[in-house]
Every structure is written in structure tokens, then in C-alpha cells.
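Numbering follows the working numbering, in which position 13 of the sequence shown is assigned residue number 13; successive positions increment by one, without gaps. The beta-carbon is built from N, C-alpha and C at its ideal position, and this holds for glycine as well. Please read all numbers here as calculations on a predicted model, not as lab measurements.
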Amino acid sequence: MLFPDFRGRRLRANKNFRRMIRETKLSCDDFILPLFAIEGKSVKKPIDSMPGHFQLSCDHIVTAAKEACDAGVPAIILFGVPDKKDPLATRAYASDAIVQKAVQAVKEQVPDITVITDVCLCAYTDHGHCGVVENGIIDNDASLDLLAKTALSHVQAGADMVAPSDMMDGRVGEIRQTLDEEGFSHIPVMSYAVKYSSAFYGPFREAAESAPQFGDRKTYQMDPANSLEAIREATMDVEEGADIIMVKPALSYLDIIYRLKEEIDLPIAAYNVSGEYSIIKAGEMMGWVNAKDLIMETLLSIKRAGADLILTYSAIEAARELNK
Ligand code: PBG
Numbered sequence: 001m002l003f004p005d006f007r008g009r010r011l012r013a014n015k016n017f018r019r020m021i022r023e024t025k026l027s028c029d030d031f032i033l034p035l036f037a038i039e040g041k042s043v044k045k046p047i048d049s050m051p052g053h054f055q056l057s058c059d060h061i062v063t064a065a066k067e068a069c070d071a072g073v074p075a076i077i078l079f080g081v082p083d084k085k086d087p088l089a090t091r092a093y094a095s096d097a098i099v100q101k102a103v104q105a106v107k108e109q110v111p112d113i114t115v116i117t118d119v120c121l122c123a124y125t126d127h128g129h130c131g132v133v134e135n136g137i138i139d140n141d142a143s144l145d146l147l148a149k150t151a152l153s154h155v156q157a158g159a160d161m162v163a164p165s166d167m168m169d170g171r172v173g174e175i176r177q178t179l180d181e182e183g184f185s186h187i188p189v190m191s192y193a194v195k196y197s198s199a200f201y202g203p204f205r206e207a208a209e210s211a212p213q214f215g216d217r218k219t220y221q222m223d224p225a226n227s228l229e230a231i232r233e234a235t236m237d238v239e240e241g242a243d244i245i246m247v248k249p250a251l252s253y254l255d256i257i258y259r260l261k262e263e264i265d266l267p268i269a270a271y272n273v274s275g276e277y278s279i280i281k282a283g284e285m286m287g288w289v290n291a292k293d294l295i296m297e298t299l300l301s302i303k304r305a306g307a308d309l310i311l312t313y314s315a316i317e318a319a320r321e322l323n324k
């Protein structure tokens with residue numbers, strides 16, 4: 001049908017028509033809120049590059065989790081900022097370390113929110129890489145045991161789901177096996193299966209104090225030029241037992257989200273990362289953009305591309321906007 005028989009504007013003519021034919025609907029059910037846990041009491045340290053976000057001690061993590069829960073956000077994902085770093089990331093898997101304490105506090109005081117933990121070593125190693133370093137090289141297989149130990153310790157502390165973000169080969173299988181052997185076969189794994197080596201992580205590395213001290217993450221995170229490789233990575237993680245497959249970052253990789261949604265029959269998550277958040281906030285501070293509208297439009301686009309879940313620093317404000 002061509003003009004004048006077809007007139008696209010007919011069904012755009014008023015609010016109710018637009019509501020009725022809307023193909024994609026955002027919901028607060030889609031959101032996961034990332035939070036940064038730090039040692040101490042009553043600590044709420046602003047993250048300069050992420051206005052509105054803070055490094056939070058456990059008491060404040062509980063407050064933020066409550067706020068998210070009250071806004072209708074179903075889940076948080078916790079990152080730890082440890083008091084001590086060493087070559088083997090011992091504060092990643094100690095039972096009294098920061099993430100483990102934060103998980104316990106939230107599960108005790110906000111039982112209705114789902115607690116996911118990020119499983120990685122970069123914030124806990126003195127060199128800032130996501131795996132063990134041997135002679136200047138990130139040793140894949142030597143890292144697997146520590147990653148599995150970290151996941152197990154999070155689950156023992158009460159985590160409802162673990163999310164490995166390190167990009168070592170074989171880690172999903174190793175974590176799945178360890179959890180199964182230790183009586184946690186019911187705990188799902190959300191794999192950062194397709195994680196690109198991205199400049200959009202810059203602000204996060206300030207937040208988590210996790211920048212690599214030498215080199216970069218290009219030997220383990222994916223090359224932004226590749227999309228067939230994304231399918232291979234996702235397929236591998238499905239075979240190793242992942243329950244949810246994540247693409248990260250989101251906005252420059254909407255094509256990847258779309259492709260994976262077609263190829264993979266598991267829920268797809270997308271991480272609307274720190275740099276994507278900071279750019280909008282910076283534009284807002286300059287008075288150049290309407291941040292609220294930009295946030296809602298970007299989240300909608302990520303969902304339209306095929307994401308079932310969105311990890312976003314805007315989870316609470318977006319949920320409030322949707323509940324208005
Ligand atoms: C840890 C990790 C990173 C992010 C999530 N988990 C950073 C990185 O790989 O350097 C980035 C999240 C964000 O930018 O919001 N490996």
C-alpha cells in the first residue's frame with residue numbers, strides 16, 4: 001500500500017492510538033541496578049564521573065537496595081571495592097570480604113530484592129587484571145579456580161545469582177561445576193558472554209578502582225569489530241551451562257543484541273554501561289540535553305533490539321518514571 005492509501009500518521013494521531021500500537025514496552029521488571037560496595041560505616045563517597053552514584057558502605061547499600069525495591073526494581077548487582085589488593089585477589093573470595101558482607105546485609109534486611117554478584121578479579125588484584133598474571137601474561141586456566149572460588153563464596157553468603165565478567169575461557173563451566181558440587185545447583189549463572197574491550201567502561205574503573213596497572217584488556221575482552229565471534233562466545237557459554245547471556249556495552253552493540261536474540265534461546269541481558277550513563281549525565285550538566293528523555297529512549301532502544309533484561313545505573317529513576 002502506498003500513499004495516499006497508506007497514511008502512517010493516522011495511527012500516530014493521538015496518545016491512545018500510540019499507546020495501543022506500541023510494539024515495545026519497558027517495564028521496571030527489566031531492570032537490574034549496579035551498586036558499589038566499600039568497607040566502613042556510613043560511607044557514601046561520590047563517584048565523580050558518575051553523578052548520582054557512590055561507593056557505599058553496607059548500611060548505605062541496604063538503603064539503596066530498599067529504594068530500588070520500593071521503586072519496583074527486582075534486582076541489584078553488587079561490585080566490591082576492597083580494602084586490600086594482592087596478586088591472587090584474596091579479598092575476592094574471603095568469606096568476610098566486602099561483597100560477601102554486602103550480600104548478607106541486603107539479604108537480611110531487604111529480602112524481597114534479588115541479589116546478583118559480579119564475579120571478577122580485577123578490583124581485587126594489585127595489577128588490576130581480571131585473571132592471574134604469570135610473567136606479564138594473563139594466565140587463563142590458573143584464573144578459573146579463583147573465579148569459581150569467588151562465585152562460590154558469593155553464593156555461600158546468600159547471592160541469588162552470579163555473573164562472571166572476567167572473559168576467561170571456560171569460566172562458566174568451572175563455576176557451574178563448582179556450584180553443583182557444593183549443593184548450589186539451583187543458583188543461576190548470568191554470563192557476561194559477549195563483553196567487548198570498550199572505552200565505555202572508563203567511569204566504572206574509577207568507581208571500582210579497577211583500572212589495569214599495565215597493558216589493557218584486549219587479550220581477553222572482545223574486539224569491537226567482531227560479531228560472528230559474539231555468537232561463538234555466547235554458544236560456548238550456553239553449552240557450559242549459562243542461564244542468561246549478557247552483551248556489554250549496550251548502545252554501540254544493539255546489532256549484537258539483535259543477533260543473539262535470534263540465535264540464542266536464553267534470556268538476553270544488556271549492560272547499559274558506565275560511559276553510556278556518564279555521557280548523558282555530562283550532557284545534562286551542560287544543559288544541552290534532556291537526560292530523562294534520553295535515558296528512557298536509550299533503555300527502550302536496548303529492549304527493542306532484543307534485550308530481556310537491562311543492567312542500568314538509571315534503574316531507579318527509570319522505574320519511577322514508568323510508575324508515574
Ligand atoms: C569487571 C567489570 C567491568 C565492568 C563490569 N564488570 C569493567 C571492565 O571490564 O573493565 C564495566 C561496567 C561499566 O562500565 O558500567 N571486569
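Relative to the alpha-carbon of residue i, which residue among the options has its alpha-carbon at the smallest distance?
i, options, result
"L228", "V189, G306, Y258, A282", "Y258"
"S95", "C58, T63, K149", "K149"
"V189", "Y277, F200, S198, D160", "D160"
"V155", "M222, H186, D29", "H186"
"D86", "A123, F6, E206", "A123"
"I77", "T312, N323, L322", "T312"
"S153", "D166, I98, E39, S165", "I98"
"M168", "G215, A102, D145", "D145"
When you measure from the CB of residue i to every non-hydrogen atom of the ligand PBG, does any distance come out below 7 Å?
i, result
"G275", "yes"
"C58", "no"
"Y93", "no"
"Y196", "no"
"D166", "yes"
"F6", "no"
"S49", "no"
"R22", "no"
"R205", "yes"
"Y220", "no"
"S210", "yes"
"Y201", "yes"
"D126", "no"
"Y271", "yes"
"D118", "yes"
"R171", "no"
"C69", "no"
Is residue i near the ligand COA, judged by its Cβ being under 7 Å from some heavy atom?
i, result
"D308", "Among the ligands present in this structure, namely the ligand PBG, the ligand COA is not found."
At what residues does the beta strand (DSSP E) containing residue i begin and finish?
i, result
"K45", "44 to 46"
"Q55", "54 to 56"
"T114", "114 to 119"
"N272", "268 to 272"
"K248", "244 to 248"
"Y300", "Residue 300 is actually Leu in this sequence, not Tyr. L300 -> not in any beta strand (DSSP E); alpha helix (DSSP H) instead, spanning 291 to 305."
Between which two residues does the alpha helix (DSSP H) harbouring residue i extend?
i, result
"P203", "202 to 207"
"A105", "98 to 109"
"L33", "That residue, L33, is in no alpha helix (DSSP H); its beta strand (DSSP E) goes 31 to 38."
"K195", "Where K195 is concerned, there is no enclosing alpha helix (DSSP H), although the beta strand (DSSP E) it sits in stretches over 190 to 195."
"A75", "Per DSSP, A75 belongs to no alpha helix (DSSP H); it is in the beta strand (DSSP E), 75 to 81."
"M236", "228 to 239"
"A319", "315 to 323"
"L260", "254 to 263"
_Inter-stretch contact at 8 Å, needing at least 3 Cβ pairs: the stretch 58 to 71 / the stretch 79 to 90_ = By the Cβ criterion, the stretch 58 to 71 is not in contact with the stretch 79 to 90, since fewer than three pairs of Cβ atoms, one from each stretch, lie closer than 8 Å.
_Is it the case that the stretch 288 to 305 contacts the stretch 101 to 110, given that we only count it when at least three CB pairs across the two stretches are under 8 Å?_
Counting C-beta pairs with one atom in each stretch, the stretch 101 to 110 and the stretch 288 to 305 have fewer than three that are closer than 8 Å, which means they do not touch.
*Determine contact between the stretch 120 to 137 and the stretch 210 to 227, defined as no fewer than three beta-carbon pairs at a distance below 8 Å.*
yes
_Does the structure place the stretch 263 to 277 close enough to the stretch 231 to 248 that three or more beta carbon pairs sit under 8 Å?_
yes
*Are there three or more Cβ pairs, one per stretch, closer than 8 Å when the stretch 247 to 257 is compared with the stretch 24 to 41?*
no
*How about the stretch 274 to 284 and the stretch 213 to 232: do they share at least three Cβ pairs that are nearer than 8 Å?*
no
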